[in-house]
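Participant: Numbering (the numbering used here), first residue to last: 6 to 666.
Before anything else, here's the structure in question.
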């Protein structure tokens, strides 16, 4: 069992190095005793590690039992509540659900119970739930009620974009709230004028309608497990993190202040860095919502699966290597990675100090409207106050609602991997639909993305041969999907360099390039890496400006959802997704099609896939009829609303086409 974790290898190296450095200074007659003493210390070291490892296994077992008990307890409670009359609620659109909550047709507790029941039903085959967050009605009412001293709705919308949470019926401001919502419903006859004066500030009917339009009051929200929630642990699949958090993450505080109700936490891969894997030793493996044996993607895997099965309506995930966009692409939902400093990442269980490839917090939803509501609700002054690193920008309504025709670049392939016919068809379909809307879509030739992945992204993310990651796994059980990924950089560079020659000889060029990666170890190495990343950004921006484009259309991945267990072979296919993590561009995924029978036939007959390498053989096996296909939209930093606008237009065009078909 000791060999389930990887630190004994490093321990041997450390002890041998110590013996080699000190042996010359030890008198000759004591050298044998010295070596024996060091060896004894090594055995004690291994024994302590083994004890810690067994203790962590016990903690994992207890956590699994605790989750099962919570699920059973909640199931029993929901049977008593009789949620069956409300089982239609999870199938409502976000807009309809929000309107009925605001109009008091549906009560928040009723909505939460319905989504909890749906999530439990889905979890029987998904295994996507990490924990439930109990609803505290007293705390919710206290948080959302309007107080005399500070009324949320009286803060000027133009200055804050804050959501006004409905007061309780007993509040002295209930009549004012009713009056405001009569304006929301376009009943201008009930308003004294077209502009309602509140505490000396004039709010137009349109501004009041926008508050209703973008409200998240009473909306159930699921959170990926690495986001801290008070009184719950946040493990990232590591037993050493099985400790209760003492406070909420900033993004949780902001969402709660807007009236949203976090109700569930979803599964993540171990350490939360993997783009394809969806498993960890604590919560197990999350599976695809539609096709058995397929991966739902990595990063926010539980979010993607749960949203696709109607177990949630709006989720919050994280993205450092496609962790939001890949699950969205695999599961057929919408996902958005904002510019990194638009949303706070304070209060996450992630590797700290790695800032060059920043982790991004962003929304996943069944449609683009959910992404917009999330961004509108979180771009508020409270967010900026709680985390000074967040750029104080309100949601740009003008940019999102603009009708200006755009010039959009697109590309389908890169120098590393070729897109399957299904993905190529999806991108070309999106291109056609955008052109039908009047936009000009032009070919765009990105810089060397293979170099970006192997020379910039992976060295910056893993660095120092993954030493920091190995420290997290010191006495922990390592998930099977992680073992090969993190043994490789741990091997000394000369050994990996020889392996790269072997892989190239065996006609596996991508594996050869990954083996030959030289990870930064010295300060000079890090400075050179940072300089190279900066130079790549400049080259990309030069091409962007030369093409005179406003946005960019491309695949999320070159294939649809892959088979579980094959994740380790596809690291070299991450170029499309990781590009925008390196550039720190806002990027989103919107579903546009599904894999068809003709795609399978075209793939088998394609000259691009000669099935000469293991990766090509696996790609040919991937495509399965009915799997969702998404495309990716990206724009320059802080043009998040432009990305959402293009995604919305593309979603509308896809829906219109499906209605005609």
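For each residue, glycine too, the CB sits at the ideal point set by N, CA and C.
1) Cα separation between residue 162 and residue 379?
2) From the DSSP secondary-structure annotation, give me the bridge partner or partners of residue 724.
3) Alpha carbons only, please: which of 286, 661, 600, 656 is nearest the one belonging to residue 295?
4) Measure the C-alpha to C-alpha separation of residue 272 and residue 134 and round it to an integer number of angstroms.
5) Per the DSSP calculation, residue 134 is bridged to which residue(s)?
6) Report yes if the C-beta distance between residue 659 and residue 638 is below 7 Å; otherwise report no.
7) Using three-state DSSP, classify residue 409 as helix, strand or coil.
8) Using 8 Å as the threshold, is the stretch 410 to 421 in touch with the stretch 537 to 545, meaning 3 or more CB pairs across them?
9) Please check the pair residue 256 and residue 348, which I expect to be a contact at CB under 8 Å, by giving their CB distance rounded to whole angstroms.
10) So, helix, strand or coil for residue 227, using DSSP?
11) Quick check: the Cα distance between residue 288 and residue 67, rounded to an integer number of angstroms?
12) Just mark residue 654 as buried or exposed, buried being the case when its beta carbon has 16 or more other beta carbons within 10 Å.
13) Could you tell me which whole alpha helix (DSSP H) segments of length 4 or greater appear in the stretch 391 to 456?
14) Under 7 Å, do residue 415 and residue 436 count as touching if we go by C-beta distance?
15) Buried or exposed: residue 385, going by 16 or more other Cβ atoms within 10 Å of its Cβ?
16) Quick one: what does DSSP say residue 324 is sitting in, helix, strand or coil?
17) Would you please state the rounded distance, in angstroms, between the beta carbons of residue 370 and residue 227? I believe it to be under 8 Å.
18) So, at 6 Å on beta carbons, what are the nonlocal neighbours of residue 301 in its own chain, with the 5 sequence-adjacent residues on each side left out?
19) Within its chain, find whatever has a CB closer than 6 Å to the CB of residue 571; leave out the 5 residues flanking it on each side and keep chain order.
20) Alpha carbon to alpha carbon, how far is residue 425 from residue 608? Give it in angstroms, no decimals.
21) Is the Cβ-Cβ distance between residue 556 and residue 434 less than 7 Å?
22) Can you list, in chain order, the residues of its chain with a C-beta nearer than 7 Å to that of residue 303? Leave out the 5 residues immediately preceding and following it.
23) Tell me the DSSP bridge mates of residue 341?
24) Can you tell me whether DSSP reads residue 371 as helix, strand or coil?
25) Just the Cα atoms here: how many angstroms apart are residue 592 and residue 124?
26) For residue 345 and residue 145, I'd like the C-alpha separation in whole angstroms.
27) With a CB to CB cut of under 8 Å and the five nearest residues on each side skipped, what residues in its chain are close to residue 236?
28) Does DSSP put residue 559 in a helix, in a strand, or in coil?
29) Please identify the residue among 520, 259, 539 whose C-alpha is closest to the C-alpha of residue 576.
30) Could you tell me the alpha carbon to alpha carbon distance between residue 173 and residue 106, rounded to whole angstroms?
31) Run through DSSP, which three-state label would residue 578 get?
32) Note the first and the last residue of the continuous alpha helix (DSSP H) segment covering residue 648.
33) Tell me residue 540's beta-bridge partners as DSSP assigns them.
34) What does the alpha-carbon distance come out to for the pair residue 381 and residue 530?
35) What's the C-alpha gap between residue 111 and residue 350?
36) Is the CB-CB distance between residue 605 and residue 628 below 7 Å?
Facilitator: Put simply:
1) Here residue 162 scores only 35 on pLDDT, less than 50, and its place in the model should not be relied on; the value that follows carries that caveat. Approximately 16 Å, taken between the alpha carbons.
2) Residue 724 falls outside the range modelled here, since the chain spans only 6 to 666, and no answer is possible.
3) Of the candidates 286, 661, 600, 656, the one whose C-alpha sits nearest the C-alpha of residue 295 is 600.
4) Rounded to whole angstroms, residue 272 and residue 134 show a C-alpha spacing of 6 Å.
5) When beta bridges are read from the DSSP output, residue 134 appears opposite 271.
6) No, the pair does not count as a contact, with Cβ atoms beyond the cut-off.
7) Residue 409 falls in the coil class under three-state DSSP.
8) Using a Cβ-Cβ distance cut-off of 8 Å, the stretch 410 to 421 and the stretch 537 to 545 are not in contact, since fewer than three pairs of beta carbons, one from each stretch, lie closer than that value.
9) Confirmed, about 6 Å.
10) Strand.
11) In this model, residue 288 and residue 67 are separated by some 11 Å (Cα to Cα).
12) It is buried - the Cβ of residue 654 has at least 16 other Cβ atoms within 10 Å.
13) Within the stretch 391 to 456, the complete alpha helix (DSSP H) runs of at least 4 residues are 402 to 406, 426 to 441.
14) Yes, these two residues count as a Cβ contact at 7 Å.
15) With 16 or more other Cβ atoms inside 10 Å of its own Cβ, residue 385 counts as buried.
16) Strand, per DSSP.
17) For residue 370 against residue 227, the beta-carbon gap comes to about 10 Å, at or over 8 Å, which does not count as contact.
18) Here the set comprises 283, 291, 293, 309, 310, 332, 335, 336.
19) These residues qualify, in order along the chain: 623.
20) Rounded to the nearest whole angstrom, the C-alpha separation of residue 608 and residue 425 is 6 Å.
21) No. Outside cutoff.
22) Short of 7 Å from the beta carbon of residue 303, and not among the five residues preceding or following it, lie these beta carbons of its own chain, in chain order: 274, 279, 280, 281, 282, 283, 328, 331.
23) According to DSSP, which records beta bridges pairwise, residue 341 is partnered with 593.
24) The answer is coil: DSSP assigns residue 371 none of H, G, I, E or B.
25) Roughly 28 Å separates the two Cα atoms.
26) Looking at the two C-alpha atoms, the distance is approximately 29 Å.
27) Excluding its 5 nearest sequence neighbours in each direction, residue 236 has C-beta neighbours in its own chain below 8 Å: 249, 250, listed in chain order.
28) Residue 559 falls in the strand class under three-state DSSP.
29) Residue 576 has its Cα closest to that of 520, out of 520, 259, 539.
30) Here the model assigns residue 173 a pLDDT of 39, short of 50, so the residue's position is not dependable, and the following value carries that caveat. Rounded to whole angstroms, residue 173 to residue 106 spans 13 Å at the Cα level.
31) Assignment of residue 578 by DSSP, reduced to helix, strand and coil, places it in the helix class.
32) Taken as a continuous stretch (DSSP letters only), the alpha helix (DSSP H) holding residue 648 covers 645 to 665.
33) Residue pairing of residue 540 in beta bridges, as defined by DSSP: absent, with no partner found.
34) If you draw a straight line from the Cα of residue 381 to the Cα of residue 530, it comes to about 41 Å.
35) Computed Cα separation, rounded: 32 Å.
36) It is a contact, given that the beta carbons lie within the stated cut-off.
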